[in-house]
Structures are given as structure tokens and as C-alpha cells.
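Peer 1: Handing you this structure, nothing more for now.
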Amino acid sequence: MITNQFHHSDFLIVNFKHALKSRTTQNHFLAERIVWISVGILVCLFMVQRLGTDKVGYSFAPVICIWFAFNAGIGVYNFIKYDPTVLKALNPKYIVDYFQRNKKDAWISLGGTVLSITGTEALFADVGHFSVRSVQLSMSAVTYPALICAYVGQTAFLRKHSDLVADTFYKSIPGGLYWPMFVVAVLASSIASQAMISGTFSIIQQSLSLGCFPRVKVVHISDKYEGQVYVPEVNYLLMLACIGVTLAFKNTTKVGNAYGIAVVFVMTLTSSFLVLIMVMLWKTHNLLIITYILVIGSVEFMYLSSVLYKFDQGGYLPLTFAAILMTIMYVWNSVFRKRYFYELNNKISSEKLNEMVNTTNFRRIPGVAFFYSELVQGIPPIFKHYIEHVPALHTVLVFVTIKSLPMSKVPADERFLFRQLEVKEIDVFRCVVRYGYTDVHTEQESFEKILLERLKEFERDQRKLSKVKNGVGERVEEEEDDDENGFGGVVEAWKDGVVHLMGETEVIAQKGAGMGKRIMINYAHNFLKKNLRQTEEVFDIPHKHMLKVGMIYEL
């Protein structure tokens, strides 16, 4: 009988082990399913970015309103139902008592409590899409009151259910609202991610304008607001990075640690830069600056030290990404500035161009040549390289620079700015083409035709002005009709053909350069340039009549 009892006990133990193993397997399967569902949501989220922030924002706005209403309503419900006396926790004395009791553990817990305010910084990271007044109103009238109600309600709920700390948010939801709240929570988290993605696009666009990021395609998706952009390459890389992190971490603990470090670093850096602004721009009184550093700075650095405690538990991720991005931006900006100053110091003046034309035995080719460069003033050194190796010039030569302006649209009559250079034997013009961020670049043939039409108008106006200066203004109108029926210099050259000369420069480190400089220029920068968009793809230059002119700059 005793033996049978032992056998029966063994049987129960074995069954219990099998049950635990089965439950563990089910939990693992459920976790894997959740991970892949998250990946699917991420893919959908990044795919809708191409629709534009306006369309995405209008579709998400009702969800956000419902989200805040649910949080505030459920919080008030739990506050009234369970324990209204939790308002006593607003007394700062309890914070002091908490640190006195727990000491190091209290300091470590700061890294977890900071997550309660994360997400609000998305509004400020996304400043290109919101005005200052809208951020102030939404924070003061909607976000902050809803969060206070939600956390007060959860605190009251925990007073009666202290064993449900790990899942307070969902456990505190009344039964009938659980699934509606679940759906709204998933949508709200997607919206928060979308806001951060849009903020990333805005930062990339600003970095591009400063020459701090490699060339990427920037699509302006709003006619009203400048900051609303879409960057396809960055969107694709962000999607891959997010999917990789989701599949690697598989839980929210490490993601939360990584996010906490990123958020607190943003706050600390923002405060540090604000101190510089207070000193250098606002000329704030020293007493106010010191007070700000002691009050705000000390709190933020305390939180920063707490989140860094979990560096090895996922916190390394944002710092690793930041280091990679900073390296890319440093390499690109350093070489960009070196190349720009090289071209600036070696640019060709009109006098030098006259000297080259008169002393070089070149052949004149009928037609119009457009030479594209990034210099607004002067002629790029690559043109001298071209003449030295191809001693032939077209009868009409136009140096074209295409610039994007921080405005919605550039009027058609102000888009092309021409200036004629005084060069003997050939007609040389300088043209700056300006586009607003919502101006649509026309088809290649149309762009060429419009550019030539504007050039013809400019030449005719210059001829009329010259005649007026020479005292023959009374015959201008009569001769204008003759010019329309006949051909001017530009029109005759246009009839002979058009070629687009694209300056394509390569950079290498000069002889005797150090190892670090050679690695940065010869390998890192050139790798980025070869694997990202080329100049003609950004400028939409006609390929049918395009000829690339290459030159190597030794920096």
C-alpha cells in the first residue's frame, strides 16, 4: 500500500511536471506569436508613412482623443471606487521617506518611473508638424490631466490589489471596457511610433540642409507646412532596425531600458543646450541660470545616472545607434566642408575664364552646353579640368546651380535667375534655378525647354537694355519684332543641339595624409557616396543628353 502511494505520488509529480512544461511551451508559443504580430504592425506602420503626415494624422486624431478620454475616465472610476485618499501621496514628504527606506533600490527604481512620462517628448521631436501653441494647449489641457487621472486611479486600484503590480494597467480596466481599451492602446502606441518616425524625417532633412548627412530623397508631403517630409531610404532602414530589435529582444523589459536611456539623454542634452541659449542669446541673469541648473539639471542627471545602471540590460542599444549615426554624420560633414572650401579656394573668376579662352587653342562646337555645379558664385575648378582635357567649347555655355529654398513655392517668373559673364568669343551665362519644397520638377524635356525659353528671354532683355544705354531706344520695339522672327545667339545654338555636362567629383586623401584621414575619406566617405543617391538623381537632370565630367580632388 505504501508502495502504491509512492507510485501515486510519482505519477502526480510527473503529471505536474508535464503540465508545467506544457504551460511553458504554450507561453513560449504565445510570446512568439505576439512578437510576430508586433512585426506585422511595424511593417504596416512604416508602409503608411508614404501617404503623408496629413492623411495619417487626420486618421489617427480621433483615436488619440478616445485614448485620453479612456485613460482619464477609467482613472477617475478607480479613484472613486477603491481609495480616494491616495491624493495624500502628492505630499513631497513621502518621496523623502521612500528614499530613506530603500536607499539604493529607490535610486534604481527611478529608471522605471521615468517611463511614466515618456512619449510626451514625441510632441517636441515632431515640432515640424505642430505649432508651439498647439503643443502648449495639448500638454496643459489634454495630456497632463489625462495622465494624472490615469496614475491616480491606478494607485487607488493597487491599494486594494497589491498583488497585481506587474499588470496594473490592464487589470484596472473594468471588464466591459477591456477589449475596446486593448484595441485603442495598440492604435495609440502605433501613433506614438508614427510621431517619432516623422520627427526622424524632420531631423534628417535639417541635417541634409547643413551638409551633415549623405544625399537621400526628401519628399515634401504637405503644401502648408515645411517640416512634413517623407524620406524613403530612412523609412526603410528604420523599419529594418525596429524589426531587428523586436526579434532580438522579444520582450518589453529590454526595450523599456533602451527607451528610458534615450529619453533621459534627450532631456539632459536639451537642458544643456538651453543653458547655452540662456547664456549666449537670451543674456539671462546668472542667478536664474544657476537656479535652473541646480533644480532642473540635478533632477535630470539623477534620472540619467539611474537609467545608465541598466546599460547592459538593453540600455546600450540607443547609445550604439547614436554612435553609428554620429560617425556617419561626422565623416560626411568633414569631407563635405573640405570639398566645399577646396572648390571655393580654387574657383575660376570671369577674368580667369577670359584668360583661359584666349590662351587655349580650343575648338568651338555649335550648340548649348549646361554645366551643373553646386557653386552659386564663381566657376567650379572641374571646368578648368574639362577644358584642359577636352579643348572644345559650345557657342553658348550656361553654368547651372539648382537650389531648394525653405518655402512652399517659388513663382515661375522668379525661379530662374540669370547673369551674363563678360567672356570674349563665346556666350557665357550663370543661372540659379530655385525650387520650393512643394514645387514639382517637370519632366526632363520640359525642364530643358523652359530653361532655354527663360534664357532666350533674358538674352532678349539684355539686348534691349544695351540698345537703350547706347541711345537707340526708339528703335527697340521695331527691332524686337525682327528678333522674334529671326534668331538670336541662344536660339541658333539651341537649334544645333543641347548637352548637359554633369560635374562628378571624387575625393581622395592627399599624399602624406595620416591613417585616420585616409580611412575617413578614401573608404568611409566614398562608401557612403557610392551606396546612396547620386547627384543627377537628386537634381532630376535629363539623362538623354547628359555627359558626366569626372575629376579627383585631393583633400
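Under the UniProt record's numbering, the letters of the sequence shown match residues 1 to 555, in that order.
Beta carbons: idealized from backbone N, C-alpha and C, even for Gly.
Considering only residues of the same chain and omitting the five flanking positions on each side of K517, which have a CB-CB separation below 6 Å?
Peer 2: A509
Peer 1: Taking only three categories from DSSP, how would you classify L325?
Peer 2: helix
Peer 1: Looking at the strands, I want to know which residues DSSP matches up with L137.
Peer 2: Per DSSP, none; premise fails for L137.
Peer 1: Anyone know if the C-beta pair for V229 and Q206 falls short of 7 Å?
Peer 2: Not closer than 7 Å, so no.
Peer 1: Starting from L547, follow its DSSP beta bridges and name the residues at the other end.
Peer 2: L501
Peer 1: Have a look at the DSSP bridge pairing and note the partners of S131.
Peer 2: Partner(s): none; S131 has no beta bridge.
Peer 1: Out of I173, V184, L238 and A188, state which residue places its alpha-carbon closest to the alpha-carbon of G199.
Peer 2: L238
Peer 1: Rank L421, E448 and A412 by C-alpha distance to the C-alpha of R434 and give the top, closest one.
Peer 2: A412
Peer 1: From residue 556 to T270, what does the alpha carbon distance come to, in whole angstroms?
Peer 2: The question about residue 556 has no answer, for the chain in this structure spans 1 to 555.
Peer 1: Could you tell me which of I365, L421, I37 and C65 sits nearest to W494, measuring between CA atoms?
Peer 2: I365
Peer 1: Please report how far the alpha carbon of M326 lies from the alpha carbon of Q49, in whole angstroms.
Peer 2: Between M326 and Q49, the C-alpha separation is close to 25 Å.
Peer 1: Roughly how many whole angstroms lie between the Cα atoms of V43 and I243?
Peer 2: The C-alpha of I243 is placed about 8 Å away from the C-alpha of V43.
Peer 1: Run through DSSP, which three-state label would A392 get?
Peer 2: strand
Peer 1: Is I426 helix, strand or coil when you go by DSSP?
Peer 2: coil
Peer 1: Throw me the rounded Cβ distance for the V549 and G367 pair, which I believe falls under 8 Å.
Peer 2: The Cβ separation is near 16 Å, so there is no contact.
Peer 1: Counting only runs of 4+ residues fully inside the region 266–339, write out the alpha helix (DSSP H) ranges in chain order.
Peer 2: 286–292 and 298–308
Peer 1: Leaving aside the five residues before and after K310 along the sequence, list all residues of the same chain whose C-beta is less than 7 Å from its C-beta, in chain order.
Peer 2: G111 and N257
Peer 1: Going by Cα to Cα distance, which pick from P318, W67 and Q194 is closest to I173?
Peer 2: W67
Peer 1: Exposed or buried, what is S298 when buried is set at 16 or more other beta-carbons lying within 10 Å of its beta-carbon?
Peer 2: exposed
Peer 1: I need the DSSP call for S190, collapsed to helix, strand or coil.
Peer 2: Correct three-state label for S190: helix.
Peer 1: Hey, could you find the ends of the beta strand (DSSP E) G367 is sitting in?
Peer 2: R363 to Y372
Peer 1: Report buried or exposed for D427, applying the criterion of at least 16 other Cβ atoms within 10 angstroms of its Cβ.
Peer 2: buried
Peer 1: Can you give the Cα-Cα distance for G378 and L555, rounded to whole angstroms?
Peer 2: 20 Å
Peer 1: Hey, would you say F458 sits closer than 7 Å to F399, going by beta carbons?
Peer 2: It is not a contact, given that the beta carbons lie outside the stated cut-off.
Peer 1: My output table needs one value for R415: the three-state DSSP class, helix, strand or coil.
Peer 2: R415 sits in coil when the DSSP states are folded into three classes, being neither helix nor strand.
Peer 1: Could you say if the region 141–160 and the region 81–89 meet the contact criterion of at least three C-beta pairs nearer than 8 Å?
Peer 2: yes
Peer 1: Do A146 and A241 have their beta-carbon atoms positioned less than 7 Å apart in this structure?
Peer 2: no
Peer 1: Is DSSP giving residue 600 helix, strand or coil here?
Peer 2: This structure cannot speak to residue 600, because the chain is shown only from 1 to 555.
Peer 1: Is T253 buried or exposed, if buried means 16 or more other CB atoms sit within 10 Å of its CB?
Peer 2: exposed
Peer 1: Which of the three DSSP states is assigned to Y553 in this structure?
Peer 2: The answer is strand: DSSP assigns Y553 an E or B state.
Peer 1: For V231, collect the residues of the same chain with a Cβ closer than 6 Å to its Cβ; drop the 5 residues on either side in sequence, then sort them by chain order.
Peer 2: F201, I204, V216 and V218
Peer 1: State the beta-bridge partners of F201 as determined by DSSP.
Peer 2: None; F201 has no bridge partner.
Peer 1: Using only alpha-carbon positions, find the residue among V245, N522, F362 and D105 that is nearest to Y316.
Peer 2: When only C-alpha atoms are compared, the closest one is V245.
Peer 1: Expressed to the nearest angstrom, what Euclidean distance is found between the alpha-carbon atoms of F370 and V39?
Peer 2: 48 Å
Peer 1: Measure the CB-CB distance between I261 and P214 and report whether it falls below 7 Å.
Peer 2: no
Peer 1: Ends of the alpha helix (DSSP H) at T168?
Peer 2: T168 to K171
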